[in-house]
Each structure stands twice: as C-alpha cells, then as structure tokens.
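Heads up: the structure comes next, in structure tokens.
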Amino acid sequence: MENLNKTVTGGQFLISESNAADIFIPEEYNEEQKLIADSCNDFVRREIIPILDRIDNQEEGLMVSLLDKAAELGFFGIPVAAEYGGFDMNYITSLLATEYIGASHSFAVAFAANTGIGMTPIMYYGNDEQKKKYLPKLVSGEWKACYCLTEPGSGSDANSGRTKAVLSDDGKYYVLKGQKMWITNGGFADVMIVFAKIDDDATLSAFIIEKSFGGVQLMPEEHKMGIKGSSTVQIFFNDCKVPVENLLSERQQGFKIALNILNLGRVKLAAATIGAGKATISNSVKYANERHQFGKSISQFGAIKYKLAEQAIRVFAGESALYRTANYIEQALGLHIKSGKAKSEAILKAFEQFAPEASILKVYSSEALNYVADEGVQIYGGMGYSAEAPMDRTYRDSRINRIFEGTNEINRMVIVDMILKRAMKGELNLMGPALKIQSELMSVPAMDSSDDSLFAQERKYIANFKKSVLMIAGTAAQRLMNKLADEQEILMNIADMIIDVFVSESVLLRLEKLVSLNGENGNSERTAMMRVFVNDAADRINKNGKEAINAFAGGDEQKMLLLGLKRFTKTEPFNAKEARRHIADKLIEKNVYCF
Ligand SMILES: Cc1cc2nc3c(=O)[nH]c(=O)nc-3n(C[C@H](O)[C@H](O)[C@H](O)COP(=O)(O)OP(=O)(O)OC[C@H]3O[C@@H](n4cnc5c(N)ncnc54)[C@H](O)[C@@H]3O)c2cc1C
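Under the numbering used here, the first residue of the sequence shown carries the number 389, and numbering increases by one thereafter.
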C-alpha cells in the first residue's frame, strides 16, 4: 500500500489528473499474495473443474462439502479478524482470492454469497456479541450464510419489500412474516441476513436469522439458465421468531446496510468476473491453437486473432481498474483508521466513498466477461455450442453478472446520480472544471504541448475524455435540472462515458507504473492493449456524447457542444490491427492468458 497520506476520493478521477504512484498494479503482488492466489487456483483446478457436471446437477450435499473444503483451506477467513478465527489479510489479498475462485462457475457464486453478502453484514455491522457468536462458525465453515433482500414484488426497488417484523408482547423477539426470492445458498444456509420492515416503518431493518429458529420454509430449487450448481430458492418466513438481540445495527438501518454491502459485493463481483474472464481466454487460445482448418491452426487467422486480443484487452483493462480502486479503498481505510475510527466503521466509510467506482467496476467487468464468453463460443465454433466443451457453461454462467448485485441499468444510474449529488453537496468540484471547459470552447484550440514522454499522447486523450464528460454532464444537469432523472437514455450515455474515462485511465496508469518500475522492455503487448483500449474509448465516448447532446441541446448550444466533443475525442491515426495482432501473437505463443 502506498501514499497513505494522499486523499483520493470517489469520483475525483473525473476532475483531476490521477497519479500512477497512487495505484496498485497486479504486477506488484508480494510472495504471500502469490501463494494465496496459487492455493485458490489449485483448489479450483483440482476440486472444482473436474466435477463441474456433478455440481451443476446439484448432487446432494456436494456444494456444501466443497464449501467445507474451501473453509478448511482457510479461504473463508482471509479478511476476517484473527480474534474470530480469520487471517486479517488486507483487502487486495481478499480480492485476489475472489478473482481466482471466480473461475469456478457455480462454486464461485456460492463462495461469494457466503463470504461476501452473507458474512460481511455481520463483520461490519454486527456488535461484539453477534460477531463472537457467528463469525468463528462462519469462518470454520460449520455454518454457511445467505443474504435475503429480494422479494417477488421488490427487486431493483429493494426498499419496497413487504416482509414484516413485529415485536412480541414480551418484547423478547420479533415475529417475521414474508417471502424472499432468488436467495443464493438459500437451500443450505444456516444463517440468513434478512431485511424486513418493523411495524409500519418506511425503511428496512436487518436481522440475523438462524434456520433453526423455526418458521423458515424453503421452496424447491429454481431451474436457471446458468450457474445451475448454485442453490437459488424462495424462502417463506412464517412467523419466524427472531430474538431482539439479532437485530443487526439499528432499526431502519437495513436499507443503508443493504446498499453498503452491495458496494462491497460489486467490487467482489468484478474480481470474480476478471478471474472467470482469464480462464475463458486461456481455454479460447488453447482451442484456437489446437483446432486446424484450411491446413492451419485457426489461431493463425486474423479474424480469430482479433477476438483473442480483444478478449485480453477487456480483461486486462478491467483488472487494472479493479486493483486501482482496491488500493484507493485500502488507502482510504488506512486514513479513516488513523483518524480514530474503528476498523469496521472505517471499512464502510471507505466503501461509501468509492461507491461510484464500485458500480463502474460491476458494469464494466460483467459486460467484459459477457463479451469474452460470447467470443469464446465463437472461437470454439460448433464445439462452442456443445455441452461437452467448456464454452456453453461459460456462456450461460456469465450472464447472471449483469443482473444481480444491482442490475447494470441501476448501477449505471447510480454512477451518474452519486457523482452529481456529490457535486451538488460541494464534495466534488465538478462545476469549476466544467466552467473552465466552457471558456476553453470559446477560445482557439491551444497548440499541442511539448510533452514528448512515452504516453503523452494517451495522457492528453484521457484529459480530453474528462472534458467531454464534464461538458456534457454539466450542461445536461443545468438544462434538464430535476428532469435529468427521467431522461434515462441520457444518463446511460453519460454513465458509459464515465466508465470509459475511468477504465482507460486505469490502463494508462498501470502502464505508467509498470514502465516506471520495470522500464519499457517486455511491456510492448501491454502497451498495445492500453493503446487499443484508449483509441476505442475515444470513439465510444464520441458516440455516447453525440447521442446525449442531440437529446437535450438545440441551436447554437448544440453546435458548440458537438464541436467541443469532436475536439475532445479527436485521436491521431492508429493501426489497431497491428496492435491486436501483436497481443494475440503473445497469447498464441504462451497458449494461456499471460498478462
Ligand atoms: C441467480 C440469482 C441469484 C440471486 N441471488 C440473490 C441473493 O442471494 N439475495 C438477494 O437478495 N437477491 C438475489 N437475487 C436477486 C437479484 O438481485 C435481482 O434479480 C435483481 O436485483 C433485479 O431485480 P428483479 O429481478 O426484481 O428485476 P426488476 O427490478 O424487475 O428489473 C427488471 C428490469 O427492469 C430494469 N429496471 C428496474 N427498475 C428500473 C429503473 N428504475 N429504471 C430503469 N430500469 C429499471 C432492470 O434493470 C431490469 O432490466 C438473485 C437473482 C438471481 C437471478
């Protein structure tokens, strides 16, 4: 961890130049982190991949026994404090483990629901008694956890749930009644984090419920498109008696807990999808090398090289953004602890701070994995469609990531909403830079600066991307005011522009740091990945920007904004074909994802 004294904050990347020294790059893992990654990777290769069919058939007791094995290896306790049986490792290490487990299909989902949304509410919101009672058993695997927020009538609108809790006459317990839906691990979980409204409260409260309390009725397993091995059930709470001491945090704090836990979950989901993406690329390149048509390996065809390279670029970019954010969170956590906050409070504050980035990571990486899986099927041709090859499962399993932990539409709205709200509260100075851009637009474009350093051009592009976003988001907010929330198409455009800014800057910073650590040698493929990503981002930002401007502006203002956008997304000619070939050739030579 570096630069503890710096105060990078969520959304700030839009208004200031970020510093490569502030980010963590995967090339910096220490020996301990590499050992943990190897041990997770080994577990997935030996224990999970050979029996994926049995897992997907939901063989009785199999998933639970695999979770038990993972617990025995210590995987459940990686981020948990030593006093509760854990290893108290840092956040990046815990994400790294999630990344490697991410390649294990349904097991990854069971693992994430247990250690993420299942355990973390107790870790971060539990009082001492609750932590002492539940965490050691959850770390050892004796108990498994699930998270019950969604209901048949309440999905994206999570606070509209109808599950109700009423205090008993003797004041000793709440009586819970209601129905939860789509509950991962619900079929076997011993401990459930359940959200319900007490009496006629407007906002949810959260409870820790043990299955053994009674009044918990499990419905049959759902039949799903993918992640078939992951348990997903509806749960009825029929007058379930919950001791008052099992209220988590305070009354009506449940919605806040749900949102904060989702912030954590979104970053974890990004880590898991990066792991799944790398494994899918490795399968794709191996198959492409082995499969011969027209007298040569299909990996020799330019059309296939394009796909392999593009798969790698998207995963590499997502990974860069993931660990950049992880380090920001780690830095913020350190600062909050230094300022006297308890660790759990500090963690929650740090996550709240980087909530826009958490949503960016969730949307970007789930869509990157969908692309990787889709092209994986294509590279396998007919075998991509066969249940005997790995791609059909990969394709089906990858799709859920755009739906849970907040759909990608909801997350896109969250990105823009949070950034604009912070600007309105004065926490993020968007207006100052936005006004500067307006005066820049009125003036003659400045001559190119004399910066001739290695990545000067890309640095300039990204500074301009930021101007595009500030110009368009700032003007849209001024013109539409409160109506902007109803113009979701424009919000989606702006969200996609912000995602492109954050991810392209993350890849650039990774390259800058890499070169500063190791020099230019050996980084030519990574440099090519960064350049393809940044050049493509310019075109995407241009398209999204144009759509947004044409939707809300008119007359001279429209003309000026379109001209500004053209100026800010202008790039010099770049041979993306050669760059992609260079990347693909490395993958083909190594026969595995190697970046
Ligand atoms: C396999 C699986 C596992 C799951 N695991 C869990 C779990 O462990 N615990 C849990 O609590 N939940 C879980 N969920 C539930 C999941 O989080 C929800 O499905 C998700 O939040 C979406 O809610 P919904 O299905 O009701 O869709 P809806 O909210 O009905 O959304 C339908 C569509 O409308 C869009 N939409 C909704 N509102 C808006 C809006 N305001 N503006 C624009 N578009 C909108 C959505 O983006 C989506 O495209 C799981 C779901 C699945 C499928």
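Every residue, glycine too, gets a C-beta built ideally from N, C-alpha and C. Since the model is a prediction, treat every value here as computed from it, not as a measurement.
CB-CB length for residue i against residue j, believed under 8 Å
i: Ala-594; j: Leu-636; result: 4 Å
i: Asn-634; j: Ile-596; result: 5 Å
i: Ile-662; j: Gly-706; result: 5 Å
Burial state of residue i (16 or more Cβ within 10 Å)
i: Ser-838; result: exposed
i: Asn-515; result: exposed
i: Phe-682; result: exposed
i: His-493; result: buried
i: Arg-550; result: exposed
i: Tyr-352; result: An answer regarding residue 352 cannot be provided, because it is not within the stretch 389 to 983 covered by the chain.
i: Asn-923; result: buried
i: Ser-904; result: exposed
i: Gln-866; result: exposed
i: Asn-963; result: exposed
i: Ser-754; result: buried
i: Asn-758; result: buried
i: Val-468; result: buried
i: Asn-393; result: Below a pLDDT of 50, predicted positions are generally treated as unreliable, and Asn-393, at 43, falls in that range; the measurement from the model is reported next regardless. When all chains shown are included, Asn-393 counts as exposed.
i: Asn-909; result: exposed
i: Glu-448; result: exposed
i: His-724; result: buried
i: Arg-434; result: exposed
Alpha carbon of residue i to alpha carbon of residue j, nearest angstrom
i: Asn-407; j: Ala-709; result: 13 Å
i: Arg-781; j: Phe-689; result: 26 Å
i: Phe-475; j: Met-859; result: 46 Å
i: Leu-440; j: Tyr-752; result: 27 Å
i: Glu-698; j: Glu-517; result: 50 Å
i: Ile-586; j: Phe-624; result: 17 Å
i: Ala-664; j: Ile-825; result: 40 Å
i: Leu-818; j: Glu-733; result: 28 Å
i: Lys-684; j: Pro-961; result: 32 Å
i: Leu-696; j: Asp-888; result: 21 Å
i: Gly-728; j: Glu-977; result: 52 Å
i: Glu-718; j: Gly-820; result: 29 Å
i: Asp-627; j: Ser-600; result: 13 Å
i: Asn-573; j: Gly-490; result: 16 Å
i: Lys-854; j: Leu-879; result: 16 Å
i: Asp-558; j: Val-604; result: 22 Å
i: Lys-693; j: Arg-969; result: 6 Å
i: Met-389; j: Lys-629; result: The predicted position of Met-389 is uncertain, since its pLDDT is 38 and thus under 50; no value can be drawn from it.
i: Ala-864; j: Glu-598; result: 49 Å
i: Asn-391; j: Ala-409; result: Since pLDDT at Asn-391 reaches only 41, below the 50 mark, its modelled position is unreliable, and the value read off the structure follows with that caveat. So the alpha carbons of these two residues sit roughly 8 Å apart.
i: Asp-944; j: Leu-950; result: 10 Å
i: Asp-589; j: Arg-919; result: 52 Å
i: Asn-789; j: Gly-722; result: 30 Å
i: Leu-842; j: Thr-915; result: 10 Å
i: Gly-862; j: Asn-881; result: 13 Å
i: Pro-833; j: Met-948; result: 13 Å
i: Gln-741; j: Ile-686; result: 47 Å
i: Asp-884; j: Arg-702; result: 15 Å
Cβ-heavy atom distance, residue i to ligand 1, below 7 Å
i: Gln-754; result: Looking at the sequence shown, residue 754 is not Gln but Ser. Ser-754 Cβ: outside cutoff for every heavy atom of ligand 1.
i: Lys-585; result: no
i: Gly-544; result: Note that residue 544 is Ser in the sequence shown here, rather than Gly. Checking every heavy atom of ligand 1 against the Cβ of Ser-544, one is found closer than 7 Å.
i: Thr-397; result: no
i: Ile-597; result: no
i: Ile-645; result: no
i: Gln-446; result: no
i: Thr-620; result: yes
i: Ala-533; result: no
i: Gln-876; result: yes
i: Cys-428; result: no
i: Ala-501; result: yes
i: Thr-508; result: no
i: Lys-612; result: yes
i: Leu-879; result: no
i: Gly-602; result: no
i: Thr-538; result: yes
i: Ile-649; result: no
i: Phe-624; result: no
Residue i CB to nearest heavy atom of ligand 3 below 7 Å
i: Leu-723; result: The model on display carries ligand 1 but not ligand 3.
Below 8 Å, how does it come out for the region 847-859 and the region 891-910: are there three or more Cβ pairs, yes or no?
yes
Pair every Cβ in the region 529-539 with every Cβ in the region 743-751, then say whether three or more of these pairs are closer than 8 Å. no
- Item | Stretch-stretch touch, CB-based, cutoff 8 Å, three pairs: the region 665-682 with the region 861-876 | no
**Asked** Can we say the region 536-553 touches the region 506-513, given the rule of at least three CB pairs closer than 8 Å?
**Response** No contact exists between the region 536-553 and the region 506-513.
Does the region 480-489 touch the region 413-425, meaning 3 or more C-beta pairs lie closer than 8 Å? yes
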